[in-house]
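Order-wise, the sequence lines are chains E and D.
Under numbering that gives the first Met the number 0, think of the first position of the first sequence as 0, with each following residue one higher.
Under numbering that gives the first Met the number 0, think of the first position of the second sequence as 0, with each following residue one higher.
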Amino acid sequence: MTEPVLSTLGVCKRFGALQASRDISLELYRGEIHALIGPNGAGKSTLIQQIVGALAPDAGRVLFEGRDVTALDTSARARLGLARTFQVSALAMEDTVLQNVLLGAFAARGGRLGFFGAAVRRGEVRDAAEAALARVGLQDLARARTAELSHGQRRQLEVAVALTLQPRAFVMDEPMAGLGTSGSRTLTGFLDRLRDEAPILLVEHDMDAVFALADRISVLVDGRIIATGTVEEIRRDAGVRRAYLGETAGESGGEPA
Amino acid sequence: MTRETIFNLLLLGALLAVPLYARAVDEPYLVTLATRAAILALAGVGLNVALGQGGLVSLGHATFFGLGGYSMGVLASHAQGYTPLLTWPIELPGTTSMPIVWLVAVTVSGLAAWLIGALSLRTTGVYFIMITLAFGQMFYYFAISWPAYGGEDGLSIYVRNGFPGLNTLDPIQFFGIAFALLLLTLAFAALLARSPFGLALNAARQSRARVQTVGLSPYRLQLTAFVVSGMITGLAGALFADLNRFVSPTMFSWQTSGEILVFVILGGVARLCGPVAGAVLFVALEHLLGGIGDYWHIGLGVILLMVVLFARGGLIGLLAGRASVHD
Numbered sequence: 000m001t002e003p004v005l006s007t008l009g010v011c012k013r014f015g016a017l018q019a020s021r022d023i024s025l026e027l028y029r030g031e032i033h034a035l036i037g038p039n040g041a042g043k044s045t046l047i048q049q050i051v052g053a054l055a056p057d058a059g060r061v062l063f064e065g066r067d068v069t070a071l072d073t074s075a076r077a078r079l080g081l082a083r084t085f086q087v088s089a090l091a092m093e094d095t096v097l098q099n100v101l102l103g104a105f106a107a108r109g110g111r112l113g114f115f116g117a118a119v120r121r122g123e124v125r126d127a128a129e130a131a132l133a134r135v136g137l138q139d140l141a142r143a144r145t146a147e148l149s150h151g152q153r154r155q156l157e158v159a160v161a162l163t164l165q166p167r168a169f170v171m172d173e174p175m176a177g178l179g180t181s182g183s184r185t186l187t188g189f190l191d192r193l194r195d196e197a198p199i200l201l202v203e204h205d206m207d208a209v210f211a212l213a214d215r216i217s218v219l220v221d222g223r224i225i226a227t228g229t230v231e232e233i234r235r236d237a238g239v240r241r242a243y244l245g246e247t248a249g250e251s252g253g254e255p256a
Numbered sequence: 000m001t002r003e004t005i006f007n008l009l010l011l012g013a014l015l016a017v018p019l020y021a022r023a024v025d026e027p028y029l030v031t032l033a034t035r036a037a038i039l040a041l042a043g044v045g046l047n048v049a050l051g052q053g054g055l056v057s058l059g060h061a062t063f064f065g066l067g068g069y070s071m072g073v074l075a076s077h078a079q080g081y082t083p084l085l086t087w088p089i090e091l092p093g094t095t096s097m098p099i100v101w102l103v104a105v106t107v108s109g110l111a112a113w114l115i116g117a118l119s120l121r122t123t124g125v126y127f128i129m130i131t132l133a134f135g136q137m138f139y140y141f142a143i144s145w146p147a148y149g150g151e152d153g154l155s156i157y158v159r160n161g162f163p164g165l166n167t168l169d170p171i172q173f174f175g176i177a178f179a180l181l182l183l184t185l186a187f188a189a190l191l192a193r194s195p196f197g198l199a200l201n202a203a204r205q206s207r208a209r210v211q212t213v214g215l216s217p218y219r220l221q222l223t224a225f226v227v228s229g230m231i232t233g234l235a236g237a238l239f240a241d242l243n244r245f246v247s248p249t250m251f252s253w254q255t256s257g258e259i260l261v262f263v264i265l266g267g268v269a270r271l272c273g274p275v276a277g278a279v280l281f282v283a284l285e286h287l288l289g290g291i292g293d294y295w296h297i298g299l300g301v302i303l304l305m306v307v308l309f310a311r312g313g314l315i316g317l318l319a320g321r322a323s324v325h326d
């Protein structure tokens, strides 16, 4: 098998008495969508934070494109091409939609940010920003204040900002949350095509989306990965059914027939 | 043109008209007051870069104001005493040339802002406020206990610094210099706010995670803003010392930091001409209410309270409405 784009090796994290990550190893390969699922409190967010560099693991390593990035902070990992979207939107709420994508487009060019010249002036950077907006379908809201967007639109904007970075891998924390049925269907179609551009590590509660999109699924329970496999393997796995799918089958709607 | 732009033009027009009128009716004191307002506004414009755009509540900007002032004082005192500033490694005389004084003031305060910022920007919130305050107090006590330049008594300068081609002893010409520097700095601040750097700095204020996620460092953005901010306030300090022909440790005091903060809050945080409106109002109140002694601060306190409670955008917000999204 080829080298994974992104991987964790034996990552452990403890908060006092709570063991949030227990010896977690997972890989994200080129061209795939790898979904990370698990009940609330399983440690998904803690793992994501260690992968993107917001939290340092107690033990274990994070590798990105063959390079040990465990010691790098979030900005450094982002510069290497690791793009992230947040569960709770982290956007510049006072700014316009266009300004938010412009930030990504300027940052992606590297080097120093200029003191002069309007950030919104027409040119390559603005073109890149507008192209990213158009890809997620927000082009008509470019001049709207970000705070005025719906939750779903904020998610789309986060994806658009991530796109401007031309990343080597995406880490998406519940991009479907708050989208509604049609929005979530649109985004599912979009992510489906996006995987060829860069692989996606997807944390998601929407089981329809997970089963539709994922090439592989890892199930996290109590800080431990109890199973990794294809959709079919995970659906059949007795341990997974017991620990996770069974107890949430009612609300997830993703229970296999 | 937005309402805010019209208001800004009226405000700057009034600040220019008052000394011109005062000169016509021969009221030199009014010219000095307007000059004082322009210089204090400049100090506020400096703080507004850190506070308004960067969200950095600095209670230590007197440090830069004082360093600018002492740069002028030290250079001029050597010039008027005909003593060299340095004898080793090269002999350097003092100077009374404004451009050189400004350059020194801006460099010294920029370096100080870089050092202070590099340390204090590792903290946020109330800790940042306290650390900047602590640095301010350090400089204050250092100035008091440094007898070579007057210590607690301060330093009187008997000459006014010169500017090529101008008679700086003429109050209106000195006002012109201060006003021109204020306009230039405002233009710079306006460009900065709209630039890619300003975009990132404003985003870092709203969400640190956002700028980290696109691969930028909030620390570096804020440090750059803090240095620019300190340089502008340092320039204002040099002009202030020149206006009074006197520098004293008071320029370093935490009350001075507080006053600069008051200009910005009174006028409108993050509003381009907020510090101008704030400083003009401050100087006007100081002049009109000053007759009742130090008690005039009570009046100022009441107004500040009203602004904070009922006009969150400061005077500019009250008169010109909510900030527009600039694009």
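Beta carbons: idealized from backbone N, C-alpha and C, even for Gly.
Within-8 Å CB hit, residue i to chain E
i	result
D/ASN47	no
D/ARG121	no
D/SER228	no
D/PRO195	yes
D/ALA208	yes
D/VAL213	yes
D/ALA117	no
D/LEU190	yes
D/PRO202	Correcting the residue type first, residue 202 of chain D is Ala in the shown sequence and not Pro. Answer yes: the Cβ-Cβ gap between D/ALA202 and chain E drops below 8 Å somewhere.
D/LEU222	no
D/LEU198	yes
D/GLN205	yes
D/SER144	no
Contacts around residue i, its chain only, beta-carbon distance under 6 Å, and the 5 residues preceding and following it disregarded
i	result
E/LEU5	LEU27, PHE63 and ALA168
D/VAL158	GLN79 and THR95
D/GLY54	ARG204
D/SER119	PHE127, ILE130 and THR131
D/LEU85	LEU91
E/ASP236	ALA226
8 Å Cβ cutoff met for residue i and residue j
i	j	result
D/SER76	D/GLY233	no
E/GLN49	E/VAL10	yes
D/LEU303	D/LEU265	yes
E/VAL96	E/THR45	no
D/GLY149	D/LEU222	no
D/MET71	D/ALA240	yes
E/LEU212	E/THR229	no
D/PHE162	D/THR62	no
Terminal residues of the alpha helix (DSSP H) in which residue i lies
i	result
E/HIS204	Careful: E/HIS204 lies outside any alpha helix (DSSP H) and carries neither H nor E.
D/ALA319	313 to 319
E/ASP126	123 to 135
D/ARG22	2 to 23
D/GLN52	Element bounds for D/GLN52: n/a, residue is neither H nor E.
D/PRO89	Sequence check: residue 89 of chain D is Ile here, not Pro. Careful: D/ILE89 lies outside any alpha helix (DSSP H) and carries neither H nor E.
Contact set for residue i: own chain, Cβ-Cβ below 7 Å, skip 5 residues either direction
i	result
E/LYS43	LEU35, GLY37, VAL202 and LEU219
E/PHE85	GLU157 and ASP172
D/VAL30	PRO18, ALA21, ARG22, PRO170, ILE171 and PHE174
E/SER183	MET175, ASP205 and ALA208
E/ILE30	Residue 30 of chain E is actually Gly in this sequence, not Ile. ARG194, ASP195 and PRO198, listed in sequence order.
D/TYR197	This sequence places Gly at residue 197 of chain D; Tyr is not what is there. Cβ within range, chain order: GLN52 and LEU191.
Residue i - partner residues in DSSP beta bridges
i	result
E/CYS11	E/ALA58
E/ASP195	Note: E/ASP195 sits in no beta bridge, so no partner.
E/ARG215	E/HIS33
D/GLY161	D/SER96
E/ALA168	E/LEU81
D/THR341	Since the displayed chain D opens at 0 and closes at 326, residue 341 of chain D lies outside it and no answer follows.
E/VAL220	E/ARG223
E/ILE23	E/VAL10
D/SER155	D/PHE245
E/LEU17	E/PHE14
Residue range of the unbroken beta strand (DSSP E) whose run includes residue i
i	result
E/THR227	223 to 228
D/PRO83	83 to 85
Residue-level contact to chain D via CB, residue i, 8 Å cutoff
i	result
E/SER6	no
E/SER251	Confidence at E/SER251 is low in this model, with a pLDDT of 45, below 50, so its placement is unreliable and the value that follows should be read with caution. For E/SER251, the answer is no, since every Cβ of chain D falls outside 8 Å of its Cβ.
E/GLU231	no
E/GLN138	no
E/MET92	yes
E/THR69	no
E/GLN98	yes
E/LEU112	yes
E/ILE73	Per the sequence shown, residue 73 of chain E should be read as Thr rather than Ile. Closer than 8 Å: yes.
E/LEU200	no
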